[in-house]
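*Asks:* Residue numbers (the working numbering), protein chains in the order written: chain R, 1 to 235; chain G, 1 to 268.
Ideal Cβ positions, reconstructed from N, Cα and C, are used throughout, including at glycine.
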Amino acid sequence: MTHIFLNNVCVDFPIYNSTTGRSLKNHLMQAATGGRMGSNEQGHVVVKALHDICLDLKEGDRLGVLGHNGAGKSTLLRVISGVYAPTGGSIEVQGKVTSLIDLNLGMDSEATGIENIYLRGALLGFNRRWLSAKIKEITDFAGIGDFIEMPLRTYSTGMQMRLAFSIATMQQPEILVMDEWLTVGDAEFQEKAQQRLSEIVKKTSILVIATHSPALVEQVCNRMIRLERGALITE
Amino acid sequence: MALMFKLFKTGWRDIFAALKGYELAGVLGWQDIRQRYRRSSFGPFWLTISMGVLIGALSLVFGNLFGTPMKEFLPFLTIGLILWTLISTALNEGCVGFTTAEAMIKQISLPLFTHILRVLWRNLIIFAHNLVIYPLVLIVFWVPLPANALLAIVGLLLLIINLSWMSLILGVFCTRYRDVPQIIANLLQVCFYLTPIIWMPNLLPKRASILLLNANPFFHLIEIVRAPLLGSFPSALNWQVGILLAIAGWIFTIIFYGRFRSRIAYWL
Chain R
1 MTHIFLNNVC
11 VDFPIYNSTT
21 GRSLKNHLMQ
31 AATGGRMGSN
41 EQGHVVVKAL
51 HDICLDLKEG
61 DRLGVLGHNG
71 AGKSTLLRVI
81 SGVYAPTGGS
91 IEVQGKVTSL
101 IDLNLGMDSE
111 ATGIENIYLR
121 GALLGFNRRW
131 LSAKIKEITD
141 FAGIGDFIEM
151 PLRTYSTGMQ
161 MRLAFSIATM
171 QQPEILVMDE
181 WLTVGDAEFQ
191 EKAQQRLSEI
201 VKKTSILVIA
211 THSPALVEQV
221 CNRMIRLERG
231 ALITE
Chain G
1 MALMFKLFKT
11 GWRDIFAALK
21 GYELAGVLGW
31 QDIRQRYRRS
41 SFGPFWLTIS
51 MGVLIGALSL
61 VFGNLFGTPM
71 KEFLPFLTIG
81 LILWTLISTA
91 LNEGCVGFTT
101 AEAMIKQISL
111 PLFTHILRVL
121 WRNLIIFAHN
131 LVIYPLVLIV
141 FWVPLPANAL
151 LAIVGLLLLI
161 INLSWMSLIL
171 GVFCTRYRDV
181 PQIIANLLQV
191 CFYLTPIIWM
201 PNLLPKRASI
211 LLLNANPFFH
221 LIEIVRAPLL
231 GSFPSALNWQ
241 VGILLAIAGW
251 IFTIIFYGRF
261 RSRIAYWL
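Put into structure tokens, the structure is as follows:
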């Protein structure tokens with residue numbers, strides 16, 4: 001039973017190397033986008049990235065998160081995936097969160113495709129034995145062929161993306177967190193990738209996707225929130 | 001007290017999860033070594049070679065300077081220098097363990113101690129490469145491996161346990177205060193000269209030795225590994241300091257870590 005519950009979640013980033021005096025800070029507070037600025041008890045400048053967010057997501061929910069740049073979308077995704085512990089309020093997550101955000105994270109361009117499968121796979125929480133059994137499947141899906149034995153730097157950008165995508169989508173996630181819908185590779189691969197992604201999204205218990213596209217929300221989501229300067233404005 | 005206990009539990013949960021997922025730290029640590037020495041034919045043995053050259057040069061200068069027989073001085077210097085390299089790089093790299101893993105910490109939720117384990121593992125691999133020099137020295141002087149050398153394994157374990165908490169607490173602290181790594185690097189440099197590594201403790205006048213040796217935790221930590229390898233036994237005090245440091249250090253570190261763990265991502 002998967003469940004995500006955010007209760008008055010606030011996220012304040014302390015900015016220690018900001019030398020901005022009060023006046024500039026006040027000036028910045030007028031800015032139309034970005035989090036609000038303020039100061040915490042110790043007098044440090046803080047950026048209030050999220051403010052009093054309440055959310056209750058249950059099995060079957062597909063949440064689209066809309067908002068301008070700097071509205072707090074990515075921060076919200078990171079709070080849900082456990083990267084940031086809220087500075088105020090609380091969060092409860094039941095189920096394993098998989099984030100398909102930076103697919104290339106941890107890849108090494110000097111290492112071969114196979115080494116990268118182990119490396120990326122380990123970061124995604126797969127063990128070596130499981131990965132060994134999946135190498136062929138991953139290689140086939142990515143359409144890498146014999147290049148899998150070659151260093152990643154010999155790959156084209158498209159090939160790298162295809163490999164990264166194939167590794168990341170090997171396993172069905174329980175809770176899936178995405179920043180925009182993924183599109184990778186050329187026309188042919190894109191079709192294959194879209195099919196797999198749609199399938200994963202369909203089977204995932206809870207989906208949270210940040211996007212700029214209301215059309216995408218319309219298409220895959222059954223719930224929508226809009227963030228503005230760190231606050232939740234519509235649900 | 002109840003708060004302390006709660007913090008301890010929070011800290012321990014992360015550390016336990018990291019230990020359970022040791023495989024990831026292992027993969028990342030190996031990867032670091034591979035990355036550094038890719039396309040080099042000697043790979044990490046370059047470190048062994050340069051360490052060997054350093055030991056040779058230092059033994060020439062200091063062995064003669066102190067008038068110690070090489071048969072005695074060279075094994076002493078070899079083990080001391082190899083151990084010190086482990087200690088100083090583990091601590092220096094522990095300082096930046098979290099900051100260098102910034103991209104990873106900000107993208108995926110992992111037990112954060114994993115990043116410190118990665119640093120430790122990487123340095124243990126390098127240590128193992130450097131250790132090759134020790135049997136070579138034994139062969140050169142045709143001395144047998146002392147019978148109590150096995151005891152050095154216990155000492156090494158204790159040293160690693162101590163290095164783990166030190167790296168972790170330094171990592172947390174240095175993420176928040178970015179000047180600290182420089183200070184630590186400097187302090188370690190000083191400790192290198194204060195600790196008997198290139199000079200032998202018996203050269204010290206009696207009174208100086210109490211202050212320079214017994215008040216120096218690194219002396220005890222090195223001694224519990226070095227003494228057995230040189231065929232003698234570490235003193236009771238060496239063991240006591242090593243064990244007490246490990247226990248007190250870990251308890252304090254876990255509580256400290258429990259308090260600040262969730263802030264690390266914010267400090268990056």
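1. Does the beta carbon of residue 84 of chain G sit closer than 9 Å to a beta carbon anywhere in chain R?
2. Out of R:165, R:203, R:9 and R:183, which one is the CA nearest neighbour of residue 78 of chain R?
3. Of all the options R:2, R:54, R:57 and R:103, which has the alpha carbon lying nearest to the alpha carbon of residue 96 of chain R?
4. Find the nearest neighbour of residue 310 of chain R within the set R:58, R:76, R:56 and R:113, judged by alpha-carbon distance.
5. Find the nearest neighbour of residue 110 of chain G within the set G:28, G:228, G:53 and G:162, judged by alpha-carbon distance.
6. Any idea which residues DSSP pairs residue 16 of chain G with across the strands?
7. Since residue 55 of chain G and residue 78 of chain G should fall inside the 8 Å C-beta cutoff, what is the C-beta to C-beta distance between them, to a whole number of angstroms?
8. 9 Å is my cut-off, CB to CB: does residue 27 of chain G come that close to chain R?
9. Within the chosen definition, does the stretch 247-263 of chain G reach the stretch 227-236 of chain G through at least 3 CB pairs nearer than 8 Å?
10. Measuring only the C-alpha atoms, how far is residue 193 of chain R from residue 143 of chain R?
11. Could you check the C-alpha separation between residue 112 of chain G and residue 123 of chain R for me, to the nearest Å?
12. Please say whether residue 55 of chain R and residue 225 of chain R have beta carbons closer to each other than 9 Å?
13. Counting only beta-carbon separations shorter than 9 Å, does residue 210 of chain R have a partner in chain G?
14. How is residue 216 of chain G classed by DSSP in three states: helix, strand or coil?
15. Among R:185, R:180 and R:200, which one has its Cα closest to the Cα of residue 212 of chain R?
16. Let me know the secondary structure DSSP gives residue 144 of chain R once reduced to three states.
17. Give me the chain G residues within the contact set of residue 13 of chain R, using Cβ-Cβ distance strictly less than 7 Å, ordered along the chain.
18. Please classify residue 61 of chain R: is it buried, with 16 or more other beta-carbons within 10 angstroms of its beta-carbon, or exposed?
19. Could you tell me which chain G residues have their CB closer than 9 Å to the CB of residue 128 of chain R, listed as they occur along the chain?
20. What are the uninterrupted segments assigned as alpha helix (DSSP H) that are 4 or more residues long and contained completely in the stretch 90-149 of chain R, given in chain order?
21. I want to know whether the stretch 211-218 of chain G touches the stretch 188-197 of chain G - three or more CB-CB distances under 8 Å.
22. For residue 31 of chain G, decide whether its Cβ has a neighbour in chain R, counting only Cβ atoms nearer than 9 Å.
23. In the DSSP assignment, find the beta strand (DSSP E) that holds residue 10 of chain R and state where it starts and stops.
24. Taking CB distances under 9 Å as the criterion, tell me whether residue 184 of chain R reaches chain G.
25. Report, in whole angstroms, the separation of the C-beta atoms of residue 163 of chain R and residue 182 of chain R, which I expect to be a contact under 8 Å.
26. Starting from residue 54 of chain R and walking both ways along the beta strand (DSSP E), at which residues does that stretch end?
27. Do you know offhand how far residue 216 of chain R's Cα is from residue 160 of chain G's?
28. Express the C-alpha separation of residue 210 of chain R and residue 40 of chain G in angstroms, rounding to a whole number.
29. Residues of the stretch 88-110 of chain G in Cβ contact with chain R at a cutoff of 9 Å, in chain order, please.
30. Using 8 Å as the threshold, is the stretch 6-14 of chain G in touch with the stretch 91-109 of chain G, meaning 3 or more CB pairs across them?
31. Rounded C-beta distance between residue 228 of chain R and residue 49 of chain R? I'm assuming under 8 Å.
32. Check whether chain B comes within 9 Å of residue 9 of chain R, counting only Cβ atoms and requiring the distance to be less than that.
33. List the DSSP bridge partners of residue 210 of chain R.
34. Whose Cβ in chain R lies nearer than 7 Å to the Cβ of residue 262 of chain G?
35. Do you know whose CA, among G:52, G:259, G:114 and G:13, lies nearest residue 23 of chain G's CA?
36. DSSP three-state label for residue 224 of chain R, please.
*Replies:* So, from the listed chains and residues:
1. Not one chain R Cβ lies under 9 Å of residue 84 of chain G.
2. Closest option to residue 78 of chain R, Cα to Cα, is R:9.
3. Closest in C-alpha terms to residue 96 of chain R, from the list R:2, R:54, R:57 and R:103, comes R:2.
4. A question about residue 310 of chain R goes unanswered here, because the residues of chain R that appear run from 1 up to 235.
5. The residue with the shortest Cα to Cα distance from residue 110 of chain G is G:28.
6. Residue pairing of residue 16 of chain G in beta bridges, as defined by DSSP: absent, with no partner found.
7. At roughly 5 Å, the Cβ-Cβ gap stays under 8 Å, so residue 55 of chain G and residue 78 of chain G are in contact.
8. Interface residue, yes.
9. With the cut-off at 8 Å, the stretch 247-263 of chain G and the stretch 227-236 of chain G do not touch.
10. Cα-Cα distance, rounded: 12 Å.
11. About 13 Å.
12. Taking 9 Å as the Cβ cut-off, residue 225 of chain R and residue 55 of chain R qualify as a contacting pair.
13. It does not: the Cβ of residue 210 of chain R has no partner Cβ on chain G nearer than 9 Å.
14. If DSSP states are grouped into helix, strand and coil, residue 216 of chain G belongs with coil.
15. Of the candidates R:185, R:180 and R:200, the residue whose Cα lies closest to the Cα of residue 212 of chain R is R:180.
16. Shown here, residue 144 of chain R sits in coil according to DSSP, grouped into three states, outside any helix or strand.
17. Ordered by position in chain G, the residues that pass the 7 Å Cβ test against residue 13 of chain R are 266.
18. Burial of residue 61 of chain R is indicated by the presence of at least 16 other C-beta atoms within 10 angstroms of its C-beta.
19. Within 9 Å Cβ-Cβ: 23 and 27.
20. The alpha helix (DSSP H) runs lying completely inside the stretch 90-149 of chain R and spanning 4 residues or more are 113-123 and 128-142, given in chain order.
21. These segments touch.
22. Taking a beta-carbon distance threshold of 9 Å, residue 31 of chain G counts as an interface residue toward chain R.
23. It spans 3-15 - the beta strand (DSSP E) in which residue 10 of chain R sits, taken as one unbroken run.
24. Residue 184 of chain R does not count as touching chain G.
25. About 14 Å separates the two Cβ atoms, so there is no contact after all.
26. That run of the beta strand (DSSP E) goes 45-58.
27. Approximately 52 Å, taken between the alpha carbons.
28. One C-alpha to the other measures close to 44 Å.
29. Answer set for the stretch 88-110 of chain G: 103, 104, 105, 106, 107, 108, 109 and 110.
30. Proximity of the stretch 6-14 of chain G to the stretch 91-109 of chain G falls short of the contact definition, fewer than three beta-carbon pairs being nearer than 8 Å.
31. For residue 228 of chain R against residue 49 of chain R, the beta-carbon gap comes to about 12 Å, at or over 8 Å, which does not count as contact.
32. Given the protein chain composition of this structure (R and G), no chain B is represented.
33. R:65 and R:179, per the DSSP bridge assignment.
34. Against chain R, a Cβ distance below 7 Å from residue 262 of chain G picks out 85.
35. Here the closest residue by C-alpha is G:114.
36. Strand.
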